[in-house]
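With our numbering applied, the sequence shown closes on residue 139, and no number is skipped along the way.
Here's the structure we're looking at; comments come further down.
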Amino acid sequence: IWFKQLHGGKVPGTIDNLKDAASGENYEWTEMYAEFAKTAREEGFNEIADLFEGVGKIEKEHEERYLALLKNIEDGVVFKKDKVAIWKCRNCGHIHVGKEAPEVCPVCNHPKSYFELRATNW
18 IWFKQLHGGK VPGTIDNLKD AASGENYEWT EMYAEFAKTA REEGFNEIAD LFEGVGKIEK
78 EHEERYLALL KNIEDGVVFK KDKVAIWKCR NCGHIHVGKE APEVCPVCNH PKSYFELRAT
138 NW
């Protein structure tokens with residue numbers, strides 16, 4: 018509801034959303050949480066200040082992630098890699114090996130947007 022209201026009743030595209038999100042995260046880690054931490058220290062709440070600084074570091078990581086995702090879109094490499102990769106359909110789990118995700122999943126017929134690089138972090 019709120020995001021649409023901020024953009025004239027329409028939900029912006031992914032590129033605009035990532036730019037807005039990165040900008041918000043930048044503000045949070047460079048100004049907002051830094052100022053919260055400064056105020057907390059001035060008032061003698063050092064442990065709380067440490068927490069604000071810790072959250073600021075997390076927000077910085079979020080900004081970096083959004084900017085990296087934006088670069089992937091702008092460079093046209095979200096679904097295309099230089100080397101052979103393992104792609105997984107998020108709908109049915111089909112595995113595809115290749116430099117690019119398939120246009121359509123051959124098992125469930127979902128579009129390319131359902132593919133992601135397979136994560137093996139278990």
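Cβ atoms here follow ideal geometry from the backbone N, Cα and C, with glycine treated the same way.
Leaving aside the five residues that flank residue 84 on each side, the residues in its chain whose CB is nearer than 7 Å to its CB run, in chain order, 39. A Cβ-Cβ distance of about 7 Å is found for the pair residue 105 and residue 132, placing them in contact under the 8 Å criterion. Here residue 53 is buried, its C-beta having at least 16 other C-beta atoms within 10 Å. Residue ranges of uninterrupted alpha helix (DSSP H) with 4 or more members, entirely inside the region 54-130 and ordered along the chain, are 63-91. The beta carbons of residue 46 and residue 76 sit about 4 Å from each other, so the pair counts as a contact at 8 Å. Following the DSSP letters along the chain, one finds residue 42 inside the alpha helix (DSSP H) bounded by residues 31-44. When C-alpha distances from residue 119 are compared across 111, 129, 25 and 135, the shortest belongs to 129. Within a 10 Å sphere around the beta-carbon of residue 122 sit 16 or more other beta-carbons, which makes this residue buried. In this structure, the alpha-carbon of residue 108 lies about 13 Å from that of residue 134.
In the DSSP assignment, residue 21 falls within the alpha helix (DSSP H) that extends over 19-23.
Ranked by Cα distance from residue 30, the first of 114, 65, 87 and 74 is 87.
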